[in-house]
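Visitor: Residue numbers (our numbering), protein chains in the order written: chain E, 2 to 314; chain W, 15 to 390; chain H, 688 to 1051; chain Z, 157 to 669.
Glycine is no exception: its CB is placed at the ideal position from the N, C-alpha and C atoms.
Everything numeric in this text was worked out from a predicted model, so none of it was measured.
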Amino acid sequence: MLLLIQYTLIFASVLILVALGGCFSEHSGVINIGLEGIMVMGALGGALMMKYLPESAPAAVVILLVVLASVLVGMVFSLLLGVAAINFNADQTLVGTALNLLGPAAAVVIVRAINMAENPDNVSSTVAYKVAKKAFLVRIGKFEFSWFMLFALLILIASYIVLYKTRFGLRLMACGEHPQAADSVGINVFKMRYAGVLISGALGGLGGLVYITAGVSEWKFENGVAGFGFLALAVMIFGQWKPVNIGLAALLFGLFRALSNVYTGFDALVALKLPSTLYNMFPYIISLIVLVFVSKNSRAPKAEGIPYDKGQR
Amino acid sequence: MNNDSKKKAGILRNNAFQTIIASLLCIVIGLLIGYVVLLIINPKGAAGAITAILKNYFYYPSQKAMMKYMGTTLVKASALLMCSLSVLFAYKVGLFNIGAAGQYVVGAGASLYFALKLGMPWYVCMIAAVVIAALLGGISGALKAYFNVNEVISCIMLNWISLYVVNMLLTQVKSESTPYTVDLSSGNKSALLPNCGLDQIFSGNKFVSIGLIISVVMAIVVWVLLEKTKFGFELRATGMNKNAAKYCGMKEKRNTIVTMMIAGGLAGLGAAVFYLSGIETWMVQQTTVPGMGFNGIAAAFLGGLNPIGAIFSSYFIQHITSGGSYVDKTMYCAQISDLISAFIIYLCGFVFFFKLWLNRYLDKRDEKKAAKGGEK
Amino acid sequence: TEVKAEASDMKIAMVTDSGDITDQSFNQTTYEACKEWAADNGSDFNYYKPESDSDEARNASVDQAVADGANVIVLPGYMFAATIVEQSEMYPDVKFIAPDVSAGDICEKGVGEGYTYNPDDYEVTDYYNADNVYCCTYQEEVSGYMAGYAAVKFGYKHLGFLGGMSVPAVTRFGYGYIQGADEAAKELGITDEVELEYVCGGQFYGDADITAYMDTWYGSKGVEVVFACGGGIYTSAAEAAAKVDGKVIGVDSDQSGIIGEDITVTSAMKGLAPTVKTALDAIKDGNWESDYAGKIDNLGLVSENPEDNYVQLPMDTTQWDDNFTVDDYKDLVSKLYNGEITVSNDITALPETEIAVNDYGSIK
Amino acid sequence: MSEYAIEMLGITKRFPGIIANDNITLQLKKGEIHALLGENGAGKSTLMSVLFGLYQPEEGEIRKDGKKVEIKDPNDANDLGIGMVHQHFKLVECFSVLDNIILGVETTKNGFLQKDGARKKVMELSQKYGLSVDPDAIIEDTTVGMQQRTEILKMLYRDNEILIFDEPTAVLTPQEIQELMQIMKNLAAEGKSILFITHKLGEIMQVADRCTVLRKGKYIGTVNIEDTNPEKLSAMMVGRDVSFVVEKKEAKPGEVVLDIKDMTVASKRHKNNAVNGVSLQVHRGEIVCIAGIDGNGQTEFVYGLSGLEPLKSGTITMNGKDITHMPIRERLTSGMSHIPEDRHKHGLVLDYSLEDNIVLQRYFEPQFTNKLGFLKRKEIRKYANRLIEQYDIRSGQGAVTKARSMSGGNQQKAIIAREIDKNPELLIAVQPTRGLDVGAIEHVHKQLVQARDAGKGVLLVSLELDEVMNVSDRILVMYEGEIVGEFDPKKVTVEELGLYMAGSKRKETKSNE
Ligand SMILES: Nc1ncnc2c1ncn2[C@@H]1O[C@H](COP(=O)(O)OP(=O)(O)OP(=O)(O)O)[C@@H](O)[C@H]1O
Ligand SMILES: Nc1ncnc2c1ncn2[C@@H]1O[C@H](COP(=O)(O)OP(=O)(O)OP(=O)(O)O)[C@@H](O)[C@H]1O
Ligand SMILES: [Mg+2]
Ligand SMILES: [Mg+2]
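1) In whole angstroms, what separates the C-alpha of K427 of chain Z from that of V421 of chain Z?
2) Three-state secondary structure (DSSP) at F288 of chain W?
3) What does A700 of chain H touch in chain E if you count any residue whose Cβ is under 8 Å from its own?
4) What is the C-beta distance between Y547 of chain Z and A573 of chain Z, in whole angstroms, given that I count them as a contact (C-beta under 8 Å)?
5) Quick check: G83 of chain E and V19 of chain E, are their CB atoms within less than 9 Å of each other?
6) Where does P786 of chain H fall in DSSP's three states?
7) Buried or exposed for V187 of chain W, please, with buried defined as at least 16 other CB atoms from any protein chain shown within 10 angstroms of its CB.
8) Please list the partners that Y900 of chain H has in chain E, where partner means a Cβ-to-Cβ separation under 8 Å.
9) Got a sec: which bits of the region 78 to 94 of chain W sit with their beta carbon under 7 Å from any beta carbon on chain H, in order along the chain?
10) With DSSP run on the structure shown, which of helix, strand or coil describes C391 of chain W?
11) Can you look up K311 of chain E in the DSSP assignment and give me helix, strand or coil?
12) Skipping 5 residues on each side, what residues in its chain have a beta carbon closer than 7 Å to that of A344 of chain Z?
13) Check whether chain W comes within 9 Å of R317 of chain E, counting only Cβ atoms and requiring the distance to be less than that.
14) Give the DSSP-derived three-state secondary structure of M2 of chain E in the structure shown.
15) Quick one: grab the DSSP three-state call for E389 of chain W.
16) Following a CB-centred definition, is H333 of chain W positioned closer than 8 Å to any heavy atom of ligand 5?
17) Whole beta strand (DSSP E) runs in the region 965 to 1006 of chain H with 3 or more residues, listed along the chain?
18) Residues in its own chain within less than 8 Å of F891 of chain H by CB, not counting five upstream and five downstream?
19) With burial defined as no fewer than 16 other Cβ atoms inside 10 Å of the residue's Cβ, what is the status of L38 of chain W: buried or exposed?
20) May I ask which residues mark the beginning and end of the beta strand (DSSP E) holding W220 of chain E?
21) Straight-line CA distance for A91 of chain E to D512 of chain Z?
22) Just to confirm my understanding: we take I200 of chain E, look at its own chain, exclude 5 residues before and 5 after, and list those with CB closer than 6 Å. What are they?
23) Does the contact criterion of 3 or more C-beta pairs under 8 Å hold for the region 982 to 990 of chain H versus the region 820 to 830 of chain H?
24) From the beta carbon of G255 of chain E, is the nearest beta carbon of chain H less than 9 Å away?
25) Just how far apart, CA to CA, sit G611 of chain Z and G441 of chain Z?
26) Is it right to say R533 of chain Z is buried, meaning 16 or more other beta carbons lie within 10 angstroms of its own, or is it exposed?
27) Going by CA-CA distance only, name the one from Z:K265, Z:I258, Z:L269, Z:A293 that's closest to K277 of chain Z.
28) Could you compute how far the alpha carbon of L102 of chain W sits from the alpha carbon of G292 of chain W?
29) State the DSSP-derived secondary structure class of F171 of chain Z, mapped to helix, strand or coil.
30) Across the region 228 to 243 of chain E and the region 10 to 19 of chain E, are there enough close Cβ pairs to call them in contact, namely three or more that are closer than 8 Å?
31) Starting from V412 of chain Z, follow the beta strand (DSSP E) in both directions and report where the run begins and ends.
32) Mark C210 of chain W as exposed unless 16 or more other C-beta atoms lie within 10 angstroms of its C-beta, in which case mark it buried.
33) So, is the C-beta of A915 of chain H closer than 9 Å to a C-beta in chain E?
34) In or out: A1036 of chain H buried (at least 16 other Cβ within 10 Å) or exposed?
35) What residues match up with D939 of chain H in a beta bridge as DSSP calls it?
36) Express the C-alpha separation of Q568 of chain Z and A430 of chain Z in angstroms, rounding to a whole number.
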């Protein structure tokens, strides 16, 4: 049971971070379907930082630098979306798809180049971070607490406050709803949209880091992040672009994901003898069904996906 | 002379021409970026690697081997073409079919299941693939039409569900000791697409079959359907303005569903021409959705969202993807060609802007000319 | 009659199967062995990665290697049966070394429709060019058996098996492991106490999902030792084991170094590297035709001395104790060698056992 | 100090292929209401956008109180005390009224929004100028009137001295228009300077002090309202005389073409029915007008009639055929034509060419499609060209022009041509002249009368009382989803109609009996 909670929380943390990233981007008016690619690149940034940090570095420093690295790399990578979508009016879905192809390919190319430069015989695309990773974990009895769980919670609360209680949030959402209106009251739509995309890059990158450190101490970048970016998008829509709902949706999805892996610990579930594939399909089937019910009144930011054209009437 | 320059401006203003220029530009810049990446990794082999990617089957000194692998590239390109047609068709009707990947998966599942479990001949398998993939596409369409579920999201979900279901289904027809499905050549020869002598052209490459012809014909059919028929007129109108379509009596819900069904059917057909050629078997433990459908997005956009353009762009993308396997792996990893095609797709996002910019430039030039002419 | 090849004339190529040379498994082992041999002997070495996971693409890579001038091609993995069937005739001047390819694999591809799944019904050499191909398989089941046997003897009562993808070699390891554990339990008279969990990860690498699965085994179900059998998938098992002082059994080579000495009970090894190297030696030394060409060896126990065998447990790093000493191990090996104990290599169904075996299928 | 609050001198603004403002001069006196008049596309909105910093002019300068200023963006405009109510409201629909008002000039403490002060100020302003709003209402739930008041409060909240109203009355009811006029007068009396754009000459005559006229991007002149009249103004604006009175012969109603019995349509916005038991008849050769204030069920009524929404109850008979449950396509092919209220939402596929839009209702007819389902492109082109000529639809590249690039007036003409040329039995025209200039309106009205004279039944839905009085042969007033009165336009006054429209009077009509 403890395990179920632990993994639910860690999977939910990944989903919360990435879905909130998507939420900020979409509230600014830019659809970010490239979260999967951003996650991979953020994970890469964090992984490399962990790899190169001296083993003696204190935990707090490790956490700070690693998080910073993944956040920064995620942001830089998301700039690709920002430039194309905001400055060049590119089709956002297309560019997002390109990021999803680009992220994993670039990560492998980079890691391989690094590995081979260090040792010509090491042709792997794996980065190991056994020591540094320990900084993120605290064992509380049988429960393995990860600082990321706390981060996710804090960021969730912060997102709520930022979106609904601050000037920045009000302006950001105005840009995603009615950029012409925002522009007419002197809000720089381009800047706000960049802010949204960059936040999605930061949170997406951090989410990627959380994912690859969730269970293992090395990551083979050929394997991307296994569709978590897409799942996060579903969480975001299921959560109706609202932080609190996203938090709840992420918990639900995290629960199913965790269940598919730890169900063997529950005799009742084992006795059901469901094919394990079914457990894997669960999150997707559930989200599809849920979408059927929530989409009718779905309130996506009105201007998302539409390039902002100052001259448009 | 004046006439001449007018003609030139005419061709420059031609939309199709602009698209071709833009696509070529994407390709060139994409390759350049790839080259720079290669240079950074290892300057020694960069030139060799980029030429290997561009050469693909021209790598082989013997004409025979060249033709053979040209055939293979064409077979793969034909499947890619079908997926890009699927994406393109939906896009023209205002839907983003990111589900081509999943529709391709169920197409593969259906054709192999019908071939190996039910022992059906190729045309039945092909029809099964089309129908089942069309149904899957139809689900996304129906969810959109009746429940307002964003098709991108439902497609993504269905991609994964399809993968798991097909893995489960095809476990029944996998060979005993491996996770791969039985070869069609040993499991059911009648399910192999007829070669119609095409294999002879390509040095006896037995995978080259009528699938090639089917896919090119389908590209033309899609073009005719969209541009020349009443049906296409209606579908496109629905895609551009659902409300107007409804207002003038088109069945906009039905059209959304039909569009996704056709798109699904095209992707399913892509899987059928690929898997029924016998070139690959299905690995029932796949944990990622095959990239064919996603690459279809790339090919569709690179081809300027034109079915005929897609023929060329699909071939090109397959050409450099296959070319990637000729890169010296001791220096560079295979993902380098993925990286290049990803860059090319990314750059496709700028095509619209490029055209806008070109037209503005032409406008300005014309204005200046007119001003000069006026002075005289 | 055979001409000695100058090592410098040997152009060695290796083609990977579905994985890459980074799979921390047989592709990587083969790659490293080839590379080392080539470096030691001054030969050319190159490796090829097929464009996709299909017979067609693997054949294409061989075509490419030959076009590049390769005259010795190493093809690790049963998937290369089709390549052997189709290309050994085509390139009579090229020598093929195909570890893990069995007569059955070749017959299956060669016979095609109507294959009975019994290679003994066929003359395997009808289906490929025997003059330039050396194939071998390993008795992974024996290696797995020894690991399972040892684990139970060491006193572990709740065992786990975590395979990678369920390819034949992995399954042979696993089914051997089950048989070994069962046998040891019978000897100790504790068949009702010993329990074995069996699952495949569906991939050759670890991730959060698989670690969660392993956490459940170690943490909730009380599994004490898991045989992590599939490339990099051990990372997940090791990760989970470390949290609860659980143990892991390695695979292919002595993995105690990478998994961690204290948690690695033993490793079920298989001698891929030596096979490749000796075959290459033979080509260099002119013994190819006499000793290797046309053979399909089933490599396993060749001697009573454990260390001479192609399948073995590591002598140095296995956590021997009083319940199961090195001598007990040697005894076991000789019994296996003598045929006193036989291990079934049938992978069509889970072995019949007295201990409880729970098969969970696949994680993904 | 200068007597002008704002001077725009020699402003030129080009768009690709068009000079929207060509050397325009506009001088706004302090405390005056200055009207800006011009045909559709004359460049009024563009000029105002330049003043508000949304566009940068290529030439010319702007002076505030005699001093030259640079207005690079709306922030600059705001700093100079310039505010604007846009033609298309610029309100974030899912925000509250208060949030919309403070957006861009929020008060914050440590980055957190402080709304209490703002709320107080908004309430004060709202009381002072009689702009009643509920600060916590979400915009999408409010009426157009309240949205407009929000826009005005947005300006006042920013303490703007120069107020631009771009066609504020196009979407308001007569009553609301009167309220707005009063508010503008109050503001001017307080010393604020107002720029007021409208196509309705009556409004200009009523409130404005002076009026500047533009035509095709050029400055025509500025006149004192005292010295002019509507006829002179419209002649200035269009360049010729325009007749305001629709010339038409006496109607000769024939047989019944449309018979609606007890029609009820559910509302999407509230629990009550949007249309509640409406019964009416339209005869051949007459123009029946449904008048009423926006939001009283006219839209839903037409949706129900045309099949865009299902009926809750009731029957519709057209030409003796029951069409209650008929699919839209069949209604349209059996003699119904429909000029929709929203031309962008329903009327046109904006990314289709003009010719494709012209055959949007008929592409499937054998005339345009052969038996195999292929379009006969040549026929379509021929047909489109005929209509373009006949109905004087102007566009850049003729039949192949993208509808999106056409001006609103010409878009409307294309729709009208399409619908009338179908030769319908029944023509439903919903606000066919919305946002059109007087010249274009004259044209549309002529078409309607011609259709009537050709023996068709015309059902006109309009919010404009002038139009209602001028064009129709019979007036039905709709209030809260019900028909509350039937009138002969010759025997009723605008004031009387207004009372019925506002719901303060109702009488049993023939058709309600
Ligand atoms: N952003 C733009 N890009 C291109 N052309 C534009 C743009 N904005 C306006 N125009 C063109 O400039 C001209 C003037 O437009 P404007 O909106 O100022 O007219 P208007 O006088 O406000 O008309 P209306 O009475 O219809 O509101 C029109 O021909 C219009 O098509
Ligand atoms: N889709 C529509 N259907 C019906 N009426 C419309 C539509 N769009 C606008 N209108 C009305 O027409 C008037 C002006 O329309 P037009 O299209 O000329 O505006 P515009 O010139 O594009 O706007 P702007 O002046 O802000 O640039 C608006 O006041 C509005 O009431
Ligand atoms: Mg206009
Ligand atoms: Mg205007």
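Guide: In terms of the structure at hand:
1) Here the question's residue 427 of chain Z lines up with position 271 in the fourth sequence. Here the question's residue 421 of chain Z lines up with position 265 in the fourth sequence. Taking the straight line joining both Cα atoms gives about 11 Å.
2) The sequence position of residue 288 of chain W within the second sequence is 274, counting from 1. In the structure shown, F288 of chain W sits in a helix (DSSP, three-state: H, G or I).
3) Within the third sequence, residue 700 of chain H is the residue found at index 13, counting from 1. Ordered by position in chain E, no residue passes the 8 Å Cβ test against A700 of chain H, which lies about 15 Å from the chain.
4) Stepping through the fourth sequence from its first residue, residue 547 of chain Z is reached at position 391. Stepping through the fourth sequence from its first residue, residue 573 of chain Z is reached at position 417. That pair is a contact at about 4 Å.
5) As a first step, residue 83 of chain E is located in the first sequence; it is residue number 82 there, counting from the start. As a first step, residue 19 of chain E is located in the first sequence; it is residue number 18 there, counting from the start. Result no, Cβ atoms of G83 of chain E and V19 of chain E do not sit closer than 9 Å.
6) Sequence index remark: in the third sequence, residue 786 of chain H carries index 99 (1-based). Three-state result, P786 of chain H: strand.
7) Your numbering for residue 187 of chain W matches position 173 in the second sequence. Buried, because 16 or more other Cβ atoms sit within 10 Å of the Cβ of V187 of chain W.
8) Here the question's residue 900 of chain H lines up with position 213 in the third sequence. Under the 8 Å cutoff, chain E gives N262, V263, T265.
9) A79, Y83, T86
10) No information on residue 391 of chain W is available, as it lies outside the stretch 15 to 390 that chain W covers here.
11) On the first sequence, residue 311 of chain E is found 310 positions in, with the first residue counted as 1. Reduced to three states, the DSSP call for K311 of chain E is coil.
12) Residue numbering aside, residue 344 of chain Z sits at position 188 when the fourth sequence is read from its first letter. Contacts found: G187, E188, I189, I350.
13) What the structure shows of chain E is the stretch from 2 to 314, and residue 317 of chain E is not part of that stretch, so it cannot be assessed.
14) If you number the first sequence from 1, residue 2 of chain E lands on position 1. Under the three-state reduction of DSSP, M2 of chain E is assigned to coil, being neither helix nor strand.
15) To locate residue 389 of chain W, count along the second sequence from 1; it is residue 375. Any answer about E389 of chain W is weak, because its pLDDT of 49 lies below 50 and its placement is not dependable; what the coordinates show is given next. Reduced to three states, the DSSP call for E389 of chain W is helix.
16) What this structure holds is ligand 1, ligand 2, ligand 3 and ligand 4, not ligand 5.
17) Within the region 965 to 1006 of chain H, the complete beta strand (DSSP E) segments of 3 residues or longer fall at 983 to 986, listed in chain order.
18) For the purposes of this step, residue 891 of chain H is taken as the residue at position 204 of the third sequence. Same-chain partners within the cutoff: G706, D710, Q711, S712, G851, M852, G917, G918, G919, I920.
19) Locating residue 38 of chain W in the second sequence gives position 24, counting from the first residue. When all chains shown are included, L38 of chain W counts as exposed.
20) For the purposes of this step, residue 220 of chain E is taken as residue 219 along the first sequence, with counting starting at 1. That run of the beta strand (DSSP E) goes 219 to 221.
21) Translated into positions along the first sequence, residue 91 of chain E becomes position 90. Translated into positions along the fourth sequence, residue 512 of chain Z becomes position 356. Looking at the two C-alpha atoms, the distance is approximately 27 Å.
22) By one-based count along the first sequence, residue 200 of chain E stands at place 199. F25, listed in sequence order.
23) yes
24) By one-based count along the first sequence, residue 255 of chain E stands at place 254. Answer no: the Cβ-Cβ gap between G255 of chain E and chain H never drops below 9 Å.
25) For this step, residue 611 of chain Z is matched to residue 455 along the fourth sequence. For this step, residue 441 of chain Z is matched to residue 285 along the fourth sequence. Cα-Cα distance, rounded: 4 Å.
26) Working through the fourth sequence from its first residue, we reach residue 533 of chain Z at position 377. Exposed, because fewer than 16 other Cβ atoms sit within 10 Å of the Cβ of R533 of chain Z.
27) In the fourth sequence, the residue the question calls residue 277 of chain Z occupies position 121. It is Z:I258.
28) As a first step, residue 102 of chain W is located in the second sequence; it is residue number 88 there, counting from the start. As a first step, residue 292 of chain W is located in the second sequence; it is residue number 278 there, counting from the start. So the two alpha carbons sit approximately 27 Å from each other.
29) Along the fourth sequence, one-based indexing puts residue 171 of chain Z at 15. Here F171 of chain Z sits in strand by DSSP.
30) Yes, they touch.
31) Locating residue 412 of chain Z in the fourth sequence gives position 256, counting from the first residue. Unbroken beta strand (DSSP E) run through V412 of chain Z: 412 to 422.
32) Residue numbering aside, residue 210 of chain W sits at position 196 when the second sequence is read from its first letter. The residue is exposed, with fewer than 16 neighbouring Cβ atoms inside 10 Å.
33) Position 228 of the third sequence, counted from the start, is the residue given in the question as residue 915 of chain H. No, A915 of chain H lies away from the interface with chain E (no Cβ there is under 9 Å from its Cβ).
34) Counted from its first residue, the third sequence places residue 1036 of chain H at position 349. Exposed is the call here.
35) For the purposes of this step, residue 939 of chain H is taken as residue 252 along the third sequence, with counting starting at 1. In DSSP, D939 of chain H forms a bridge with H:M956.
36) Taking the first residue of the fourth sequence as position 1, residue 430 of chain Z is located at position 274. Taking the first residue of the fourth sequence as position 1, residue 568 of chain Z is located at position 412. Between A430 of chain Z and Q568 of chain Z, the C-alpha separation is close to 27 Å.
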